[in-house]
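A.B. asks: Quick note, the sequences are listed as chains A and B, same order.
In terms of the numbering used here, the numbers along the first sequence are unbroken and rise by one, the last being 263.
In terms of the numbering used here, the numbers along the second sequence are unbroken and rise by one, the last being 340.
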Amino acid sequence: MLGRWRGVGHFAVTEFLTMNPPSIIATALLPRAVVQTLFFTVLGGVLNGADGLRFAYVGGVAMILVAVLCADVGEVPVADKWSGTFGRLRTGVVHPFVVFALRCWPYPVTATALAAVAIVIVGPATGQAELVPALLSWLPVYLLMAVTASATTLAAALLSLGKRADVLATNAVSFGILLAGGVFLPPGRMPVVDAVGTVLPVRHGLTAVRAGLDGRPYLRQLVAEGLVGIGWALVALAVTAVQTRRARRHGIDDFA
Amino acid sequence: MTGARAAAWLWMLWTAAVTQARMQGLNPGVIVLGVIQPAVFLAITLHTADQPDAATTDRITVAVVLTVLWNTTIWVAGGILRAEVRGGTLAANLTGAHPGYLVLFGKCLGALAHASVVIIGSTAATLLVTRTPIHVQRPGWALVGAVVALLSGTVLGTLLACVFIRTQYGTQLSGALIYPIYLVGGMLIPPDVLPEPVERLSALVSLRWASAFITHAVGGSVRLGELAVLCGLTIGYAVAAGWLFNRVVHNARSEGRLVLG
Numbered sequence: 008m009l010g011r012w013r014g015v016g017h018f019a020v021t022e023f024l025t026m027n028p029p030s031i032i033a034t035a036l037l038p039r040a041v042v043q044t045l046f047f048t049v050l051g052g053v054l055n056g057a058d059g060l061r062f063a064y065v066g067g068v069a070m071i072l073v074a075v076l077c078a079d080v081g082e083v084p085v086a087d088k089w090s091g092t093f094g095r096l097r098t099g100v101v102h103p104f105v106v107f108a109l110r111c112w113p114y115p116v117t118a119t120a121l122a123a124v125a126i127v128i129v130g131p132a133t134g135q136a137e138l139v140p141a142l143l144s145w146l147p148v149y150l151l152m153a154v155t156a157s158a159t160t161l162a163a164a165l166l167s168l169g170k171r172a173d174v175l176a177t178n179a180v181s182f183g184i185l186l187a188g189g190v191f192l193p194p195g196r197m198p199v200v201d202a203v204g205t206v207l208p209v210r211h212g213l214t215a216v217r218a219g220l221d222g223r224p225y226l227r228q229l230v231a232e233g234l235v236g237i238g239w240a241l242v243a244l245a246v247t248a249v250q251t252r253r254a255r256r257h258g259i260d261d262f263a
Numbered sequence: 080m081t082g083a084r085a086a087a088w089l090w091m092l093w094t095a096a097v098t099q100a101r102m103q104g105l106n107p108g109v110i111v112l113g114v115i116q117p118a119v120f121l122a123i124t125l126h127t128a129d130q131p132d133a134a135t136t137d138r139i140t141v142a143v144v145l146t147v148l149w150n151t152t153i154w155v156a157g158g159i160l161r162a163e164v165r166g167g168t169l170a171a172n173l174t175g176a177h178p179g180y181l182v183l184f185g186k187c188l189g190a191l192a193h194a195s196v197v198i199i200g201s202t203a204a205t206l207l208v209t210r211t212p213i214h215v216q217r218p219g220w221a222l223v224g225a226v227v228a229l230l231s232g233t234v235l236g237t238l239l240a241c242v243f244i245r246t247q248y249g250t251q252l253s254g255a256l257i258y259p260i261y262l263v264g265g266m267l268i269p270p271d272v273l274p275e276p277v278e279r280l281s282a283l284v285s286l287r288w289a290s291a292f293i294t295h296a297v298g299g300s301v302r303l304g305e306l307a308v309l310c311g312l313t314i315g316y317a318v319a320a321g322w323l324f325n326r327v328v329h330n331a332r333s334e335g336r337l338v339l340g
């Protein structure tokens, strides 16, 4: 079985490079990651001074992950729907959820690498060079956030695919994280938004990073981030399992 | 140009605009770009700002609307061409009796006019829900600025659409064009906080002047110089877009590289 999983993993790389060849990563994804972070960081400074600048720098790096994942992870099951290949996945040896999950792996890794470059460039450009080494040491937590955000995006895409509302659902996740993920808006400004943020990815991870940078305890927030990701992965698994069973019973071949 | 031909072109522009606006409806893309996006941007900027006064609130609101208009422009222009490729109508548009550029311009205009109504509706609803008062002192001039900004966005959209004609990676490339304009376009980030060379660059972005003119009109002062620069830049973009569109299409056809699906 592991060999089959590895095969899916290799296919994921092929699929990823077809959608995003190195030239496109270098000329489109990377500049976007850097300029997007620069925009949020400078805007944070404009609206809320030095505190806003630092808050938005740490949060803006996480928003890169969300931008990359929202665009691409949601496309993984969508590609099967439009290509009419879900029926093949359903009858395969490897469970469709495992195929979806394994095909997502290049995206969080690439997004985290882009985040690392943005940290190195945007820090000095906004007068926060002293924060760069400390923030780089938190890259594993950014990777964790990328994985939890991937799980959420996948769940949103699978939940909405039957109604052809995947664009709406995956973007709702992205804008939900921008609003309630503690990316730009500091906690405590809008209580309703804070409440929504507790079940979204990124928020707990960013709280952990900021606590760690300030020398405060962060372990509980890290665990919460992981649990949020596991929760959304279970939603994605449940949707895939239910859909697979429905497709078998009713003889339908995609997420109808 | 004869009068008959001008009338035919105007009719075609109108038809393309109305058709595209009807096709848009309230599809998921419009809900994301026109409803969710302005609401989220307004919420995060107005609530992050440190006790904004009335003038700052006006400036942020105008800037958010124009920022969202820019993002919508990019996706709408690309979306129209992607739909043409999917539907197999791109070749017919580019080789028809009327210039393909006019068809695309009309479609962009219809889509953006429709999206603008949705954006302004969402903005007004968000301001109401968050009880943020906005007093438009010179509504007529603010509307003039908004209409010219819409035309400017449409011209920019057709300029950017050239990317989609040449490459299948238009989505990624146009995605990379969003934030540079957010950053240097003088909307949410005032030009005076940018380094001097970048500030000079921002003077070439029409949305900067649209933002300044509309914000001043909302605050009660009409600065016609800003409107003149906005109009001048828009005309410049239109000339550049027409030239580039014809050149890109000609090259793509002669080299057999036109993306037709």
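Note that beta-carbon positions come from the ideal geometry of N, C-alpha and C, so glycine has one too.
Owing to the predicted nature of the structure, the values given are computational and were not obtained by experimental measurement.
Let's see if you can read the secondary structure: which residues bound the alpha helix (DSSP H) around A/Lys88?
C.D. replies: Its alpha helix (DSSP H) spans residues Glu82 to Ser90.
A.B. asks: Beta carbons nearer than 7 Å to chain A: which residues of the stretch 248-262 of chain B have them?
C.D. replies: Hits within the stretch, in order: Tyr248, Gln251, Leu252, Gly254, Ala255, Tyr258, Pro259, Tyr261 and Leu262.
A.B. asks: Taking 9 Å as the CB-CB limit, is A/Thr34 close to chain B?
C.D. replies: Taking Cβ atoms only, chain B reaches closer than 9 Å to A/Thr34, which makes this a yes.
A.B. asks: Under a CB-based cut-off of 9 Å, is A/Gly14 close to chain B?
C.D. replies: Closer than 9 Å: no.
A.B. asks: Does DSSP classify B/Val301 as helix, strand or coil?
C.D. replies: Looking at B/Val301 - three-state DSSP - the assignment turns out to be coil, as it is neither helix nor strand.
A.B. asks: Where A/Leu24 and A/Ala162 are concerned, what is the direct C-alpha to C-alpha distance, given to the nearest angstrom?
C.D. replies: In a straight line, the C-alpha of A/Leu24 is about 23 Å away from that of A/Ala162.
A.B. asks: What are the residues in the stretch 110-121 of chain B lying within 8 Å of chain A by C-beta distance?
C.D. replies: Going along the stretch 110-121 of chain B in chain order, one finds Ile110, Val111, Ile115, Gln116 and Val119 with a Cβ nearer than 8 Å to chain A.
A.B. asks: Tell me whether A/Thr133 is buried or exposed, calling it buried when 16 or more other Cβ atoms sit within 10 Å of its Cβ.
C.D. replies: A/Thr133 is buried by the Cβ-count criterion.
A.B. asks: Going by Cα to Cα distance, which pick from A/Val105, A/Ala78 and A/Leu121 is closest to A/Thr34?
C.D. replies: It is A/Leu121 whose Cα lies nearest to the Cα of A/Thr34.
A.B. asks: Does the beta carbon of B/Gly340 sit closer than 9 Å to a beta carbon anywhere in chain A?
C.D. replies: Only weak support is given to the placement of B/Gly340: the predicted model assigns it a pLDDT of 44, under 50, and the value that follows is read from those uncertain coordinates. With 9 Å as the cut-off, B/Gly340 does not count as an interface residue toward chain A.
A.B. asks: What whole-angstrom Cβ distance do A/Val154 and A/Gly236 have, given they're in contact under 8 Å?
C.D. replies: Their Cβ separation, rounded to whole angstroms, is 6 Å, which keeps A/Val154 and A/Gly236 in contact under 8 Å.
A.B. asks: Could you list which residues in chain B have their beta carbon closer than 7 Å to that of A/Ile31, in chain order?
C.D. replies: The answer, in chain order, is Tyr248 and Gln251.
A.B. asks: Nearest by alpha-carbon distance to A/Val216: which of A/Leu36, A/Leu146, A/Gly16 and A/Pro28 is it?
C.D. replies: Per the Cα distances, A/Leu146.
A.B. asks: Would the stretch 210-217 of chain B count as touching the stretch 156-172 of chain B if we require 3 or more Cβ pairs under 8 Å?
C.D. replies: With the cut-off at 8 Å, the stretch 210-217 of chain B and the stretch 156-172 of chain B do not touch.
A.B. asks: Under 9 Å between the Cβ atoms of A/Leu229 and A/Leu142?
C.D. replies: For A/Leu229 and A/Leu142, no; Cβs fall outside 9 Å.
A.B. asks: Please identify the residue among B/Thr211, B/Ala134 and B/Gly232 whose C-alpha is closest to the C-alpha of B/Ser285.
C.D. replies: Looking at the Cα atoms, B/Gly232 is the closest of the given residues.
A.B. asks: Determine the closest residue to A/Arg110 out of A/Arg227, A/Gly258, A/Val206 and A/Ala19, with distance taken between C-alpha atoms.
C.D. replies: Of A/Arg227, A/Gly258, A/Val206 and A/Ala19, the residue nearest in Cα terms is A/Ala19.
A.B. asks: Please report the straight-line C-alpha distance between B/Trp93 and B/Gly185, rounded to a whole angstrom.
C.D. replies: Looking at the two C-alpha atoms, the distance is approximately 7 Å.
A.B. asks: Determine the direct distance from the alpha carbon of B/Thr136 to that of B/Leu125, and round the result to whole angstroms.
C.D. replies: Taking the straight line joining both Cα atoms gives about 7 Å.
A.B. asks: For B/Trp149, count the other beta carbons within 10 Å of its own beta carbon; 16 or more makes it buried, fewer makes it exposed. Which is it?
C.D. replies: Buried, by the Cβ-count rule.
A.B. asks: Assign B/Glu334 to one of three DSSP states: helix, strand, or coil.
C.D. replies: In the structure shown, B/Glu334 sits in coil (DSSP, three-state: anything other than H, G, I, E or B).
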